[in-house]
Amino acid sequence: MFKYIKNDLPASVVVFFVALPLCLGIALASGAPLFSGVIAGIIGGVVVGALSGSKIGVSGPAAGLAAIVLTAIGTLGGYENFLVAVVLGGVIQLVFGFLKAGIIGYYFPSSVIKGMLTGIGIIIILKQIPHFFGYDSDPEGDFAFFQVDGQNTFSEIFKAINNISLGATIVGFIGLAILILWSNILSKKGKFFQIIQGPLVAVVVGIVYYFATSENSKYGISPQHLVSVPVPDSFDSFLDQFSFPNFSAISNPQIWVTAFTIALVASLETLLCVEATDKLDPHKNVTPTNRELLAQGTGNIISGLIGGLPITQVIVRSSANIQSGGRTKLSAIIHGFLLLISVILIPTLLNKIPLSVLAAILLVVGYKLAKPAVFKEMVQLGWKQWIPFTVTVVGIVFTDLLVGIGLGLAVGIVVILIKSFQNSHFLHIEDKSNGKHKIKMTFAEEVTFFNKGAILKELDSLPRDTYLELDVRKTRYLDNDIIEILEDFAFKAKERNIDIQLVSERGIVENPPSYIEFFNLRPKKSA
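Residue numbers (the numbering used here): 490 to 1016.
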């Protein structure tokens, strides 16, 4: 694990700077204590990072759960009651892992996963534009289209244009220039510029700018445009920031409903993120999905026990890790320790980081996820790829992550059904001699009820006086629905003077009296 520490250490610093505002922002958007987001970030890095089989995935509080958390805290009667649901959700995730439910992650089409990555990239860019210009009405980590501040993704941008903070905007552009210069030029000049990452330099410059302009009313940065980490007065007040679950509320049925919801949504988001990060990984590592569910479940149990938000693997932090050259799980673990150490030792210094500089870092992360080349590639792959891809992207931008994925998946299934409809069989007209049309119909390897429409249409269109050769030698699975269609067609065939020759591995049969008996099936009993 320490073999690539020269790659993992710089990457962990970048992930730390990306994770810090998101941990705080997601907690704020969730209506939870700010420190609960930091707890989830620490546990996601240290505990889940250590237990996970993913080399480059990073876990923490999830934006996709913010709305669920916000509602649950109100309906369950307080944050301590909600923490019981987080712990139980973690236990349910352990059950999912032991039942090997992680296999679900392998059934998401590639076009939908690519759409998810691109959609998240676009969302990051759109959501960071207001923060970049010093308009911080909506908290970081609110990735839903309809925001907690009453605006939506696009109306927030228009409001930001009319409420630009000059100091925040200037330091945002300085940070963005440093990141572009570092990435495109300086990183190729020597090892120093590879070890010291551009985001770290941008953050340091942002802090220096804050101190240099603190007395200037025009170019200075006001406190609401800075990171806001809770600052304890003493060690006791630091410990007071931790909350503990009220297990006396465990008999409340609503807590169990919330727990199952958290487990289900967190597991789906994690599995989607695993597929996405494995696709982004230049070294093509494969993450064991069942082990990931076990790691996430353990993380959620511990996070809930000490007052943290629910945890998932998160694509924003994971992609930042990959883009910064992270190679092993050490980068995720170190980022967790950096969160822990910094909130204990230097919370006051963290609160001097301008949010616009962190927005600049996230803008670069978003652009790398949603490069124009991705759209060109998907169009070139054909409509079967770009339609689910586009629907996923649009769905994520205008709703949220899971709804967008669901829409893309639904369209992907429709595409599969269309292709299945087209590929169920092959027709070949051999000759028209002796007054009879000789037609050969060859069934595909698998013929299911999806193919009913195509086969029924083909059989009904056969002209009178036809000799039909039905070849099922290559068919390994023939759905009962198709057999019943053949059974019904045999009656019509006699009326239309159609002879059927059934060719199978068991031999050739002319005009089988019963297809159900031939395929060793019993007819369904009448109700």
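Beta carbons are placed, not taken as given, at the ideal position from N, Cα and C, and that holds for glycine. None of the values given here were measured: they were computed from a predicted structure.
Spatial distance of residue i from residue j (CA atoms)
i	j	result
F681	G815	16 Å
K1014	K963	Annotation note: pLDDT 47 at K1014 (below 50); position unreliable, coordinate value reported separately. Spanning the two alpha carbons is a distance of roughly 30 Å.
W945	R995	Before going further, note that residue 945 is Leu rather than Trp in the sequence given. The straight-line gap from Cα to Cα measures roughly 24 Å.
I562	D722	27 Å
I823	N969	56 Å
V886	K768	21 Å
F547	N810	Looking at the sequence shown, residue 547 is not Phe but Val. The straight-line gap from Cα to Cα measures roughly 8 Å.
R1011	P1002	For R1011, the predicted model reports a pLDDT of 48, less than 50, meaning its position is unreliable; a value from the coordinates is still stated below. If you take the alpha carbons of R1011 and P1002, they lie about 14 Å apart.
S732	A529	12 Å
I669	P628	26 Å
I830	P877	43 Å
V883	K927	49 Å
K603	W875	10 Å
F587	K677	46 Å
L951	L906	24 Å
Y699	V693	10 Å
A666	Q730	37 Å
L517	I971	56 Å
V580	V763	20 Å
V720	I842	14 Å
V697	F662	15 Å
Y493	I592	30 Å
A1016	I987	Confidence is the limiting factor: at A1016 the pLDDT is only 39, short of 50, which leaves the residue's position unreliable and the question unanswerable from this model.
L794	G788	10 Å
G679	V854	23 Å
G594	K908	23 Å
Of the residues the options, the one placed nearest residue i, counting alpha carbons only
i	options	result
V502	L794, Q683, P799 and I663	Q683
P550	T560, S519, G542 and V576	S519
N1017	L782, I613 and G567	For residue 1017 there is no data in the structure shown, the boundaries of the chain being 490 and 1016.
T658	P688, Q640, G623 and D627	G623
V637	K616, I650, G709 and A933	K616
T937	H926, G855 and I974	I974
I531	A979, V880, L828 and I905	L828
V846	P619, A738 and V746	P619
L898	E758, V601 and L606	V601
L753	I928, T881, T560 and G786	G786
L851	A508, K492 and L951	A508
T750	L891, A982 and E947	L891
T931	Q990, S726, V716 and L760	Q990
T837	L606, L583, V718 and L957	V718
G526	V504, V536 and A555	A555
Enclosing alpha helix (DSSP H) for residue i [first to last residue]
i	result
D970	N969 to E984
T801	Counting along the chain, T801 falls outside any alpha helix (DSSP H), though it belongs to the beta strand (DSSP E) covering I800 to Q802.
Y856	L844 to L858
E999	Run containing E999: none in the alpha helix (DSSP H); it sits in the beta strand (DSSP E), G996 to E999.
I609	S599 to F621
S726	F724 to L728
D497	I494 to A518
Y698	G687 to A701
Y708	Counting along the chain, Y708 falls outside any alpha helix (DSSP H), and DSSP gives it neither H nor E.
A529	L523 to I532
G586	Y568 to F587
Beta-carbon proximity of residue i to residue j, cut-off 8 Å
i	j	result
E984	I1005	no
G630	L798	no
G608	A748	no
S541	A755	no
L782	F585	yes
V998	F1008	no
G538	G796	no
V575	S711	no
I614	Y856	yes
G695	G664	yes
K641	F632	Note on identity: in this sequence residue 641 is Asn, with Lys being the wrong assignment. No, they are not a contact pair.
K648	T817	no
T881	I894	yes
H714	S626	no
K873	V904	yes
G533	I800	yes
P499	Q686	yes
N779	K589	yes
V558	A738	no
Enclosing beta strand (DSSP E) for residue i [first to last residue]
i	result
T888	Note, T888: premise wrong, no beta strand (DSSP E); not H, not E.
L959	T955 to D960
G549	S548 to P550
Bridge-paired residues (DSSP) for residue i
i	result
N641	F635
V992	D960 and I997
L715	P843
Y966	E935
CB contact below 8 Å: residue i versus chain D
i	result
F621	Note that chain D does not occur in the displayed structure, where there is just one protein chain.
heavy atom of the ligand SAM below 7 Å from residue i C-beta
i	result
T607	The ligand SAM is absent from the structure shown, which contains no ligands of any kind.
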